[in-house]
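Structure record follows, encoded as structure tokens.
Residue numbers (the numbering used here), protein chains in the order written: chain S, 25 to 295; chain P, 25 to 295.
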């Protein structure tokens, strides 16, 4: 149906390795209430954070092919690892706007930081890619970036251990080096991490937390505006359709934690 | 080369979602020193423990096709989740011996337990499959089985956190219900768990631990003997070739923790 619409009425494609990118989908729904969304969660191959650049880029390409078939007008990479590894590849190979999470997050952090010392936490793959450093370097030479990989945070969130003694101890271990560096701003460089915000804020008292999802929604709005692709007209409500590569039931259950509305979930096997 | 050999000189195929199944490969090398091994680790899609039956079975079929192309004489499923979900499918669809980790582990536990109370720990998928219960039911009606899923154990091992306060606290949380049940034998129902043995033994003092890998190697020897497929002749040393679906370098580095010998690692993309 959407395929028959005018260019600006086409849906926005958002993808992630799994369920975490729904935080971005939620922000896009809020900021752009007239837009329809097609979300893809690669739940058969989740996580991406411990995989290589070439593998993550291959997966991102397969998903983008799927989204383009669904006639999306823009692609949002709602995954820090995929943004780090695959954004430039997707921009070169797809003829539509591609928005990642790195740049909006860095810009927001730079605007918030007073002492110029910014921390970023993420998966091993994201940290090793140095994507945040490269992006910051383009924007500012005055700010310093300190990175830590937190490989246990995603399993903690996915097992609903977002608080408690174990989670606090793990968070303390990961955040100690950043605390020592005197950061005043922390980029939550993984879509799962906003779920841990209370624990992180307790350890890093007074440090400003950047959840990129809102910044991404704003960056998306700007790009769509520039290209005259913003959906117009009042809709009663926008529609979010989710596709996943593994069990839709399990995804449907956990999705409520991230996206506070019912969604239809369908399974699709990519090859 | 191996393809040209007599049936008994063909290699043994072993697969796992990642690196953990190398514990089984190590036991097979030790028990059957004349055999060559082809190992497949599905590192692009690891882990399997949080995925559905249909997805894990699809992956297992793709890997078995690859191993059959490599002319293996038997397939060892060195992964508890894949054994739980896919063993019966592979037995129906492949005309060669298929050995999983469940039955050998259960048999060993039954032979060791004095009070008839056996615990098993594993991934969520494995526990939900009830494969261990079904297997035990075939062997003995006297023994009782108590299961716990331990979703953080694999990330802990893969991040080399096999000891320390955090690991002990997580292990205590998971093992408390089993301790209360008065088990005297614990099946380590995931190939990563033997790495945590010291921590587990400290919490479950006096409880016998079953690492299925040795039992699997014995089950494999028995099947090969029955079918006259044991390799004969003295080799200077057997050969293990590993194939992985993601970065071979990373696999090569971590493999030393599991398999105490150098191996050649090659990448292959399955579809």
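Glycine included, C-beta positions come from ideal geometry on N, C-alpha and C.
How big is the Cα-Cα spacing for residue i and residue j?
| i | j | result |
| --- | --- | --- |
| residue 270 of chain P | residue 33 of chain S | 38 Å |
| residue 70 of chain P | residue 147 of chain S | 15 Å |
| residue 121 of chain P | residue 238 of chain P | 18 Å |
| residue 130 of chain S | residue 210 of chain S | 10 Å |
| residue 255 of chain S | residue 81 of chain S | 30 Å |
| residue 189 of chain P | residue 226 of chain S | 20 Å |
| residue 295 of chain P | residue 295 of chain S | 6 Å |
| residue 240 of chain S | residue 111 of chain S | 14 Å |
| residue 65 of chain P | residue 53 of chain S | 39 Å |
| residue 232 of chain P | residue 219 of chain P | 15 Å |
| residue 205 of chain P | residue 87 of chain P | 38 Å |
| residue 30 of chain P | residue 84 of chain S | 44 Å |
| residue 45 of chain P | residue 55 of chain P | 16 Å |
| residue 224 of chain S | residue 197 of chain S | 11 Å |
| residue 119 of chain P | residue 281 of chain P | 34 Å |
| residue 92 of chain P | residue 60 of chain P | 14 Å |
| residue 113 of chain P | residue 77 of chain P | 11 Å |
| residue 221 of chain P | residue 47 of chain S | 38 Å |
| residue 96 of chain S | residue 289 of chain S | 17 Å |
| residue 162 of chain P | residue 195 of chain S | 45 Å |
| residue 38 of chain S | residue 159 of chain S | 21 Å |
| residue 187 of chain S | residue 230 of chain S | 19 Å |
| residue 262 of chain S | residue 164 of chain S | 37 Å |
| residue 285 of chain P | residue 117 of chain P | 33 Å |
Once you ignore the five residues that flank residue i on each side, which residues in its own chain have a CB closer than 6 Å to its CB?
| i | result |
| --- | --- |
| residue 94 of chain P | 62 |
| residue 145 of chain S | 172, 174 and 213 |
| residue 143 of chain S | 170, 202, 207 and 210 |
| residue 50 of chain P | 283 |
| residue 104 of chain P | 125, 146, 150, 213 and 214 |
| residue 128 of chain P | 236, 239, 240 and 243 |
| residue 155 of chain P | 108 and 126 |
Output needed for residue i: all residues of its chain with C-beta closer than 8 Å, excluding positions within five of it in sequence on either side, in chain order.
| i | result |
| --- | --- |
| residue 291 of chain S | 267, 268, 269, 270, 271 and 272 |
| residue 123 of chain P | 98, 99, 100, 101, 240, 243, 244 and 247 |
| residue 185 of chain S | 191 |
| residue 157 of chain P | 169 and 171 |
| residue 287 of chain P | 63, 264, 265, 266, 276 and 279 |
| residue 74 of chain P | 147, 148, 149 and 175 |
Quick one: what's got a C-beta closer than 7 Å to residue i's C-beta in the same chain, skipping five residues either side?
| i | result |
| --- | --- |
| residue 182 of chain S | none |
| residue 140 of chain P | 166, 167 and 168 |
| residue 248 of chain S | 98 and 254 |
| residue 251 of chain S | 121 |
| residue 115 of chain P | 122 |
| residue 89 of chain S | none |
| residue 138 of chain S | 208 |
Starting from residue i, trace the alpha helix (DSSP H) in both directions and tell me its first and last residue.
| i | result |
| --- | --- |
| residue 129 of chain P | 126-136 |
| residue 233 of chain S | Residue 233 of chain S -> not in any alpha helix (DSSP H); beta strand (DSSP E) instead, spanning 232-235. |
| residue 40 of chain P | Here residue 40 of chain P belongs to no alpha helix (DSSP H); instead the beta strand (DSSP E) covers 36-40. |
| residue 276 of chain S | 272-282 |
| residue 85 of chain S | 77-93 |
| residue 267 of chain S | Careful: residue 267 of chain S lies outside any alpha helix (DSSP H), inside the beta strand (DSSP E) at 264-268. |
| residue 229 of chain P | Where residue 229 of chain P is concerned, there is no enclosing alpha helix (DSSP H), given that its DSSP letter is neither H nor E. |
| residue 53 of chain P | 46-55 |
| residue 117 of chain P | 104-117 |
My understanding is that residue i touches residue j, with C-beta atoms under 8 Å, so please give their C-beta distance in whole angstroms.
| i | j | result |
| --- | --- | --- |
| residue 216 of chain S | residue 177 of chain S | 6 Å |
| residue 14 of chain S | residue 279 of chain S | Because chain S here runs from 25 to 295, residue 14 of chain S falls outside it and cannot be looked at. |
| residue 36 of chain S | residue 98 of chain S | 5 Å |
| residue 109 of chain P | residue 153 of chain P | 6 Å |
| residue 72 of chain S | residue 41 of chain S | 4 Å |
| residue 360 of chain S | residue 193 of chain P | Outside the modelled stretch of chain S, which goes from 25 to 295, sits residue 360 of chain S, for which no answer is possible. |
| residue 68 of chain P | residue 79 of chain S | 5 Å |
| residue 136 of chain P | residue 293 of chain P | Contact flag wrong, Cβ pair sits at about 42 Å. |
| residue 180 of chain S | residue 199 of chain S | Going by Cβ atoms, the distance from residue 180 of chain S to residue 199 of chain S rounds to 14 Å, so no, they are not a contact pair. |
In terms of residues, what are the limits of the beta strand (DSSP E) holding residue i?
| i | result |
| --- | --- |
| residue 290 of chain P | 288-291 |
| residue 98 of chain P | 98-101 |
| residue 63 of chain P | 61-65 |
So which residues of chain C does residue i contact, with C-beta pairs closer than 7 Å?
| i | result |
| --- | --- |
| residue 179 of chain S | The structure shown contains no chain C; its protein chains are S and P. |
Return yes when at least one heavy atom of the ligand GDP lies under 8 Å from the C-beta of residue i, else no.
| i | result |
| --- | --- |
| residue 124 of chain P | With respect to the ligand GDP, the structure shown offers nothing to examine, as it has no ligands at all. |
List in chain order: all unbroken beta strand (DSSP E) runs of 3+ residues lying wholly within the segment 142-217 of chain P. 168-173 and 209-212
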